[in-house]
Amino acid sequence: SPIVRDAMDFSTALCDADGENLAQGLTTPMHLGSFHDAMRHLIAEYAGDIAPGDVFIANDPYLASGQHLPDIYVVKPIFANDARLVGWAATLAHHVDIGGLVPGSNSIGATEIHQEGLRLPFLKLEDGGVRNAMLMRIIASNVRVPDQVVGDIEAQIAATRAGETGLQAMVARYGADTIEAYGTALQDYSERLARAAIRDIPDGTYCFTDHIDGLGENPEPITLTVAIIVTGDEVTADWTGTAAQVKGGINAPLSFCKSNVYAALRSVMSADVPNCHGYTRPITVIAPEGSLVNAVYPAPCGARGITGYRIVDCMFGALAQAVPDRVAADGAGGST
Numbered sequence: 069s070p071i072v073r074d075a076m077d078f079s080t081a082l083c084d085a086d087g088e089n090l091a092q093g094l095t096t097p098m099h100l101g102s103f104h105d106a107m108r109h110l111i112a113e114y115a116g117d118i119a120p121g122d123v124f125i126a127n128d129p130y131l132a133s134g135q136h137l138p139d140i141y142v143v144k145p146i147f148a149n150d151a152r153l154v155g156w157a158a159t160l161a162h163h164v165d166i167g168g169l170v171p172g173s174n175s176i177g178a179t180e181i182h183q184e185g186l187r188l189p190f191l192k193l194e195d196g197g198v199r200n201a202m203l204m205r206i207i208a209s210n211v212r213v214p215d216q217v218v219g220d221i222e223a224q225i226a227a228t229r230a231g232e233t234g235l236q237a238m239v240a241r242y243g244a245d246t247i248e249a250y251g252t253a254l255q256d257y258s259e260r261l262a263r264a265a266i267r268d269i270p271d272g273t274y275c276f277t278d279h280i281d282g283l284g285e286n287p288e289p290i291t292l293t294v295a296i297i298v299t300g301d302e303v304t305a306d307w308t309g310t311a312a313q314v315k316g317g318i319n320a321p322l323s324f325c326k327s328n329v330y331a332a333l334r335s336v337m338s339a340d341v342p343n344c345h346g347y348t349r350p351i352t353v354i355a356p357e358g359s360l361v362n363a364v365y366p367a368p369c370g371a372r373g374i375t376g377y378r379i380v381d382c383m384f385g386a387l388a389q390a391v392p393d394r395v396a397a398d399g400a401g402g403s404t
């Protein structure tokens, strides 16, 4: 579809056996920070039932740490020749439609997630290499442009196979133990560099508040407020004081809030910090449950990008008080 091919609204990553990002593509940081939480869902749900040839699919914010329903995860476990799980190839792509009230499945007027389209917890799209044709038919029957949606899912599957082939070639060359050891070393190295970057930020609490226009019958501005607390080599983004979730499709699931926090903080670190899960370890996100930045079921999330841009704006507004020479200009609520 054009949204994948031209807008490049997709993300890819290789994860270790525990589901932690080792390497990631260069497309959408708003996606990539959520992979860790999504993998936690998948691994916990399918413990003991993960085999070569499996492919998993999901999109649900509440059942799979998804972001909004148009963003579909397609994930494939990667095994060495001895059937040892060595990693995961993970993709996330924004699909042109997933059903719901309006074409494109991004309705600000939705009052609950059930109005936004087809919900998918983590399911096996392929089980031991055998396609679940019924599941694909269900997906195709619930979207307005099935050829484009199915085509993009097939592209995601192909991408996971490419990741599988590449990692298996590395394992064949160097051995699974070596790959695992170097993966652990990379995560620890990224964490050390991130902690060093945080130590360069003066200790303190830096606060910023922004707003989104009210919705429908509640025209009052919707408040987002963050306190960035820097203590030594650790940083906390505390969203206490942010407005409650609303009956409109702009709510952000926690995974999406965390993605934006990670991306904003990563942008004030050195380019030398590897973009893997390790750099997020010194970062804590506090987001009150049921708030705009940690919505709970059945809050609609289709247009959560509107809130995501404000999350980044708030982060930059606070960080500018501490490291003004490292912070980009305001994105006007529409750019990350």
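In this text, residue positions in the sequence shown follow our numbering: the first is 69, and each later residue adds one.
From the three backbone atoms N, C-alpha and C, an ideal C-beta is built for every residue, glycine too.
query	result
Grab me the residues of D381's own chain with a C-beta within less than 7 Å of its C-beta, minus the 5 sequence neighbours each way, in chain order.	D278, D398, G399, G401
Figure out for me which residue from P350, D281, G251, A208 has the closest Cα to the Cα of A264.	P350
Going along the chain, which residues of its own chain have a beta-carbon closer than 6 Å to the beta-carbon of F103, five neighbours each way excluded?	A81, N89, A158
Just mark H99 as buried or exposed, buried being the case when its beta carbon has 16 or more other beta carbons within 10 Å.	buried
Go to S327, then tell me how far its alpha helix (DSSP H) extends in each direction, as first and last residue.	322 to 334
In chain order, which alpha helix (DSSP H) runs of at least 4 residues are fully inside the segment 111 to 198?	none
To which residues of the same chain is T310 closer than 6 Å at the C-beta, ignoring the five residues directly before and after it?	L292, T293, S359, L360, V361
Less than 8 Å between the beta carbons of A371 and N174, yes or no?	yes
Please determine, among G316, G231, D74, A305, the residue with the shortest C-alpha to C-alpha distance to V329.	A305
State the CB to CB distance for the pair A390 and V298, rounded to an integer number of angstroms; the pair is presumed to be in contact (CB under 8 Å).	7 Å
In three-state DSSP terms, what is T306?	A quick correction: the sequence has Asp, not Thr, at residue 306. In this structure, D306 counts as strand in the three-state DSSP scheme.
Excluding the five sequence neighbours on either side, which residues of its own chain have a C-beta within less than 8 Å of the C-beta of A178, listed in chain order?	G168, L169, E184, G316, G317, P368, G370
Compute the Euclidean distance between the alpha carbons of P120 and V154, then round it to the nearest angstrom.	11 Å
By how many angstroms is the C-alpha of S79 removed from the C-alpha of L94?	8 Å
Under 8 Å, do V336 and S258 count as touching if we go by C-beta distance?	no
For K144 and W156, I'd like the C-alpha separation in whole angstroms.	6 Å
Taking the straight line between their C-alpha atoms, what separation do you get for P392 and V211?	45 Å
Return yes when the Cβ of L203 is within less than 8 Å of the Cβ of D128, no when it is not.	no
Just to check my reading of the structure: I125 and L193 have Cβ atoms closer than 8 Å, yes? What is that Cβ distance to the nearest angstrom?	4 Å
Suppose you measure from the CA of I166 to the CA of I206; what does that come to, to the nearest Å?	11 Å
Excluding sequence positions up to five away, which residues of its chain have a Cβ less than 6 Å from the Cβ of T96?	S79
Spatial neighbours of I266 within its chain, please: CB distance less than 7 Å, with the 5 preceding and 5 following residues excluded, ordered by chain position.	V298, D301, E302, V303, P350
Since A115 and G134 should fall inside the 8 Å C-beta cutoff, what is the C-beta to C-beta distance between them, to a whole number of angstroms?	That belief does not hold up - the Cβ atoms of A115 and G134 are roughly 20 Å apart, past 8 Å.
So T273 is in the beta strand (DSSP E); what residue range does that whole segment cover?	272 to 280
For the candidate residues D74, C83, A262, whose alpha-carbon lies nearest to that of Y250?	C83
Counting C-beta neighbours from all protein chains within 10 Å, is the total for G284 16 or more, i.e. buried, or is it exposed?	exposed
Could you tell me which residues DSSP puts in a beta bridge with P297?	The sequence as given places Ile at residue 297; Pro does not occur at that position. According to DSSP, I297 bridges with T273, T304.
How big is the Cα-Cα spacing for P356 and G376?	16 Å
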